[in-house]
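J.: One structure, pasted below without further comment.
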Amino acid sequence: MNESLLVMKYGGTNMQDARAVRHSASLAARSIREGVKVVVVVSAMAGVTNQLLKLADAAQSGDIASANDEIAAMRTRHFTAAQELGAAPDSDTVREIREMHETLRQAVYGVYLLRELTPRSRDLIVAFGERLSAPLMKLALEQDGLRAHHLSGGEAGIVTDTHFGNARPLTGTYERIKDRLSGLLSAGVTPVVAGFMGETEKGAITTLGRGGTDFSATIIGKALSATEVWGWKDVDGVMSADPRVVADARNVDVLSYGEVMELAYFGAKVLHPLAVTPLQDSGIPLRLKNSADPDFAGTLVQAQPRDEAGHPVKAVTAIRNVSIINVSGAGVLGIPEVIASVFDAIARENVTLLMVSQSSSMSNVSLAVQTTDAERTLNALRAGVSLELKVEQQDHVAVLAIVGSGMRGQKGVSARLFTALAAADVNILMISQGSSELNVSVAVEAEHVDEATRAVHAAFNLGRSVTA
Ligand code: ADP
Ligand code: ASP
Ligand code: MG
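Position one of the sequence shown corresponds to residue 28 (the numbering used here), numbered consecutively onward.
Written out as structure tokens, the structure reads:
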């Protein structure tokens with residue numbers, strides 16, 4: 028292959044301490060020595076993002092002491108890693124880490140003084156996780172004898188809208204990334220980009236949603252027309268179910284962009300739900316690989332699905348912490364304008380609907396939303412729709428989905444799903460099938476979701492130990 032270019036993304040586990048960072052750097056170095064150009068995209072050290080979110084909340088509520096304790100602990104972790112990676116106390120890297128921690132401390136203090144944490148200040152604070160990881164990876168690459176340069180998401184060219192907490196790249200991003208990174212690459216310098224973050228046109232720091240480093244990597248992959256994007260993980264790629272729930276979950280060799288998007292959307296934490304979107308036009312493949320077993324192929328995500336006879340379903344996944352909002356009102360709800368007002372009210376609030384189902388009498392619409400969105404949804408509906416409608420909320424729900432392009436046009440898949448759930452004594456609260464026929468999803472009581480997942484996984488022969 029001439030002039031191959033790989034974007035390699037490292038998650039929190041791959042960055043959790045000096046040893047992990049060193050190993051991650053060695054994986055990139057291996058490809059670079061084979062003549063491949065590599066752009067490295069890094070996540071925060073494992074746990075750091077949650078810690079930053081927590082300490083920002085503590086500062087807002089007035090508990091600056093515990094916020095400062097958390098910052099101090101984190102600071103020690105970053106300094107220790109830098110030191111173990113060979114940075115001298117007076118080195119540029121140590122100075123940079125010290126400066127970033129000082130800015131972080133000031134930002135958190137500002138939140139405390141104002142007792143106000145806006146989405147914008149939360150993004151500024153939480154992006155420090157990735158910004159502090161990047162110099163560590165740069166150090167490790169240099170220790171490996173390579174030349175490297177680290178950049179924040181904004182410096183690398185990722186420019187986004189102002190949707191703090193869930194920002195989307197603007198179209199100009201792709202040109203800008205090419206401008207900012209091509210020079211480094213042609214000079215033989217490996218760019219190390221802080222994932223998860225970008226900045227607005229005015230320079231305010233934004234984040235791309237939880238798990239957003241995957242998204243940063245594919246945005247960069249598209250911009251540079253990369254040969255492939257590789258996401259290094261602590262699992263063998265995308266598995267047939269969450270391995271923490273299903274002990275015999277096995278890795279899925281090939282998935283289409285559409286399939287992996289459905290899986291991510293329905294809760295498979297292994298990839299950001301929008302991560303493959305930048306790759307769809309160009310068909311750039313995404314590989315998810317286990318950093319502990321780098322020669323294992325992992326999961327290849329590409330345009331075309333690969334279906335196996337007898338295996339219509341490739342994976343089962345679940346979203347927890349879901350609520351069902353029931354809207355009812357005989358005689359009113361059937362009128363198209365009333366239905367439209369229900370969806371308008373929700374759209375204005377920017378709530379993601381996980382499932383929608385409408386009874387055929389049209390006197391009832393059920394909506395599944397994340398529980399964190401439920402109150403907003405209820406308020407929007409109460410304010411924006413006819414007073415004659417009754418709006419009720421049911422909590423402690425989970426949505427379970429089966430995904431696979433082989434389901435298209437296949438009879439009996441839903442029947443197999445329902446039979447498996449019935450045999451496991453799991454009650455179904457809502458059912459929906461996407462028009463793409465890539466998934467069938469059901470809402471169940473949250474307390475039964477794990478056993479439901481295991482039952483469905485077994486019913487579709489997805490495990491390691493069974494063959495169809
Ligand atoms: P990273 O920091 O590398 O992005 P994440 O923790 O975000 O890693 O995602 C990987 C984790 O996702 C795995 O460790 C696993 O516990 C979880 N996971 C949930 N569902 C799946 C699935 N279907 N396939 C693989 N991993 C899954
Ligand atoms: N560190 C961020 C998160 O925990 C982004 C990522 O890991 O991809 O969500
Ligand atoms: Mg992730």
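From the three backbone atoms N, C-alpha and C, an ideal C-beta is built for every residue, glycine too. Since the model is a prediction, treat every value here as computed from it, not as a measurement.
1) For Ile-362, name the three-state secondary structure that DSSP assigns.
2) Quick one: what's Arg-314 bridged to in DSSP?
3) Please report the distance separating the alpha-carbon of Val-69 from that of Leu-416.
4) Buried or exposed: where does Leu-414 fall if 16 or more other Cβ atoms within 10 Å of its Cβ makes it buried?
5) If you compare alpha carbons, which of Leu-141, Thr-240 and Gln-133 is closest to Met-35?
6) Have a look at Ala-495 and Ala-470 and give me their C-alpha separation to the nearest angstrom.
7) Ordered along the chain, which non-local residues of its own chain (more than five positions away) have a Cβ less than 7 Å from that of Gly-215?
8) Jot down the residue ranges of each uninterrupted alpha helix (DSSP H) in the segment 429-457, minimum 4 residues, whole runs only, in chain order.
9) Taking 7 Å as the cut-off, is the CB of Ala-71 close to at least one heavy atom of the ligand ASP?
10) Pull up the distance between the alpha-carbon of Gln-460 and that of Arg-443, whole angstroms please.
11) Consider the C-beta atom of Phe-191 and the heavy atoms of the ligand ASP; say whether any pair is separated by less than 7 Å.
12) Taking the beta carbon of Arg-49 as the centre, do at least 16 other beta carbons fall within 10 Å, making it buried, or is it exposed?
13) Can you tell me where the beta strand (DSSP E) with Glu-226 in it begins and where it stops?
14) When the distance is taken between beta carbons, is Ser-390 closer than 8 Å to Gly-356?
15) Considering only their Cβ atoms, is the gap separating Asn-41 from Ser-53 smaller than 8 Å?
16) Is there contact here, the segment 309-328 with the segment 399-406, by at least three beta-carbon pairs under 8 Å?
17) Could you give the first and the last residue of the continuous beta strand (DSSP E) run that contains Thr-234?
18) Which class does Ile-185 belong to by DSSP, given the choice of helix, strand or coil?
19) Would you say the beta carbon of Phe-223 is closer than 7 Å to some non-hydrogen atom of the ligand ASP?
20) With hydrogens ignored, establish whether the beta-carbon of Gly-39 is closer than 7 Å to any heavy atom of the ligand ASP.
21) Taking buried to mean at least 16 other C-beta atoms within 10 Å of its own C-beta, is Ser-386 buried or exposed?
22) Helix, strand or coil for Leu-82, going by three-state DSSP, please let me know.
23) In whole angstroms, what is the alpha-carbon distance linking Ala-302 and Gly-294?
24) Would you call the CB atoms of Leu-32 and Ala-253 closer than 8 Å?
25) What is the C-beta distance between Met-72 and Gln-43, in whole angstroms, given that I count them as a contact (C-beta under 8 Å)?
26) Kindly indicate the opening and closing residues of the alpha helix (DSSP H) around His-555.
T.: The structure says:
1) coil
2) Trp-257 and Leu-327
3) 48 Å
4) exposed
5) Thr-240
6) At Ala-495, the pLDDT of 43 sits below 50, so the modelled position is not reliable; the number obtained from the coordinates is stated separately. Answer to the nearest angstrom: the Cα atoms are 27 Å apart.
7) Arg-174
8) 440-450
9) yes
10) 14 Å
11) no
12) buried
13) 224-226
14) yes
15) no
16) no
17) 232-234
18) coil
19) yes
20) yes
21) exposed
22) helix
23) 14 Å
24) yes
25) 5 Å
26) One cannot answer for residue 555 here, as it falls past the ends of the chain, which runs 28 to 495.
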